[in-house]
Structures are given as C-alpha cells and as structure tokens.
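Visitor:
In our numbering, the protein residues as written are 1225 to 1528.
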C-alpha cells in the first residue's frame, strides 16, 4: 500500500521558502537505508548462486527503494522523530514537519542567530535517530562557515536567490528551452526573498485576466517596513486554457482559489488582500446573487 499523503505539497513548500531572509537547504544522507523495519517478512528475497545449491531465504531489513510504501514510511519516521523531540528541539521539529520534501530540506530564518540555532538543532535531532544531514547550502556565508567543509554542498556561499546552482528536489527549470520559445524570457528574474527587513504591513494583490485562448491569475505581495521601505514581488501565476466563453469569470474564480491557497501556504499575517479584474461583466455577475444567473455563471459566482 502507498499510504496516506503526509508531506506538504511542493508549491506550498516553495512559497514558504521565499519568506526566509536566510535560506537553508540540506539533504538527509541515504534516508531509506538508515531506517530499520521491525517486520521484514514481506520483503523476502529467495536466492541461490546455481541450480545445484539449496535456495536461501533473505529478508530486507531496511526500507527498499522502489516499493510503493517507501516514501510514506520514510516521511512518517522523520515526522514521528520531530514530534518526539519537539520539546528538546522546537525549531528543528517545526522545520522537519513543514520544510522537508522527502529527504530534502528547504527552510530558513530571518536572522543569523536563528539560522545558526536551526542548523544546530536539526543536526542534533536527526543525529539522535542515526541520520545525517549533508550537502548544506545557504546564501549566508557566516552560517556556512560554522559547518564542517565536508558537510557542505560547496565551500563557497551559493547565490540561491539568483542562480540555479542548487538543484534541490531534483527540480530543473527549463529556462533555456523557454528562451527558445519566448523572446527575452531569459532576462526575467524573480527574487526568492519576498519581504523587507522589519515588515510592518504585508498586502496581497490578485489579478485575473483572459483572452480567447486562455485565462490566468497572478498574485503579488507588497511589504512595507517600519522605515517605509516598500518591496513588491510576484508570488505565483498559474495559466489555464479552455476553448469556451466566460473565460474572464473562470479567471476570477481561479484568482480566488489561488489567493486562498497562497494565504494558507505562507502562514504569515496578511494585512490586506485585494482582487482585481478588468471585466465589468464579471464584476456585475459577482455583485449579484448567484441565483440570478444560469448554471455555468451561477456555480462560479457562488464559489467566489
């Protein structure tokens, strides 16, 4: 059996990763091979070197890569460790429950002291279970200097915010292929970090639009510091395609769903959220009770 879904979805994980001023990534070394199964009767291998030898019965005592339940068992062990050690390592426990994608850590902090404490707690917590975190990487040189060189991904600070030098989660952004299809796309750069120091206000602005071929929505965040410094960043922008009319309404519904997902994923105090569309028809539909409209419009207005 595969087992229930335990880990955070990848989109949520990436959104939260952009909230940290100091980014931290690492990898649990040989995660599956470090976990012992108490009952290994269902992982039997029968073997003999030649037809003339008796058959030998072997049992795999560790989680076997490629089996359907392997990801669930590994993630469950890590999360149970986090729950058991929540009092001893509160920062590490929270990160293990929310900032791992199987064996890959994508976490961070907003100060050097917090980042150092998080790295230290994570190392100690997983070590208590016989696990090792390696391939540490960060955009903070002081944090990297506190880690043994043989435990780092690189001996130099990696520019996580602007470069694709850290291949976490085996995600490869096909920018070169996109550049062949869309002119100037290679020049587009979206900073990883969303905020400014000492944020006082955090607003979300959502926009939806449609054409004859597709509809889309985008959400931007606007953060204002105590000193008045303003930072505006794109958070997420999915695209949908349907060959039917009323695409503007579909775009508005997509925006509402996207805003709800983003607010929950960021887990950060939102001062205000605003929605925008340039379709007066959609605004008229939304401004009236859903019962006034036919089924297609009514269903979507009700959801909005």
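All C-beta atoms, glycine included, are put in the ideal place defined by N, C-alpha and C. From a predicted model like this one, the values you see are computed outputs, not experimental measurements.
Quick check: the segment 1258-1272 against the segment 1282-1298, are there 3 or more CB pairs under 8 Å?
Guide: yes
Visitor: Within 10 Å of its beta-carbon, does residue 1295 have 16 or more other beta-carbons around it, so buried, or fewer, so exposed?
Guide: One-based indexing of the chain shown puts residue 1295 at position 71. Taking all protein chains shown into account, residue 1295 has 16 or more neighbouring C-beta atoms within 10 Å of its C-beta and is therefore buried.
Visitor: Give the secondary structure of residue 1264 by DSSP, where H, G and I count as helix, E and B as strand, and everything else as coil.
Guide: Taking the chain shown and counting its residues from 1, the one referred to as residue 1264 is at position 40. Here residue 1264 sits in coil by DSSP.
Visitor: Mark residue 1500 as exposed unless 16 or more other C-beta atoms lie within 10 angstroms of its C-beta, in which case mark it buried.
Guide: Locating residue 1500 in the chain shown gives position 276, where the first residue counts as 1. Per the 10 Å Cβ criterion, exposed.
Visitor: Tell me where the alpha helix (DSSP H) around residue 1281 begins and ends.
Guide: The sequence position of residue 1281 within the chain shown is 57, counting from 1. Segment 1280-1283 is the beta strand (DSSP E) holding residue 1281; no alpha helix (DSSP H) there.
Visitor: DSSP state of residue 1510, grouped into three classes?
Guide: Within the chain shown, residue 1510 is the residue found at index 286, counting from 1. Three-state result, residue 1510: helix.
Visitor: What are the partner residues of residue 1330, as DSSP defines its beta bridges?
Guide: Within the chain shown, residue 1330 is the residue found at index 106, counting from 1. Looking at the DSSP assignment, residue 1330 forms a beta bridge with 1249.
Visitor: Per the DSSP calculation, residue 1244 is bridged to which residue(s)?
Guide: By one-based count along the chain shown, residue 1244 stands at place 20. Residue pairing by DSSP places residue 1244 opposite no residue, since no beta bridge is assigned to it.
Visitor: Would you decide whether residue 1354 is buried or exposed? Buried here means 16 or more other CB atoms lie within 10 Å of its CB.
Guide: Stepping through the chain shown from its first residue, residue 1354 is reached at position 130. Flag for residue 1354 reads exposed.
Visitor: Out of 1471, 1327, 1337, point me to the one whose CA is closest to residue 1360's CA.
Guide: Against the chain shown, residue 1360 aligns to sequence position 136. For the residues 1471, 1327, 1337, the minimum Cα distance to residue 1360 belongs to 1327.
Visitor: Pull up the DSSP beta-bridge partners for residue 1502, would you.
Guide: In the chain shown, residue 1502 corresponds to position 278, counting from 1. DSSP output for residue 1502 lists no bridge partner at all.
Visitor: Grab me the residues of residue 1478's own chain with a C-beta within less than 8 Å of its C-beta, minus the 5 sequence neighbours each way, in chain order.
Guide: Looking up residue 1478 in the chain shown gives position 254. Around residue 1478: 1432, 1439, 1440, 1441, 1462, 1464.
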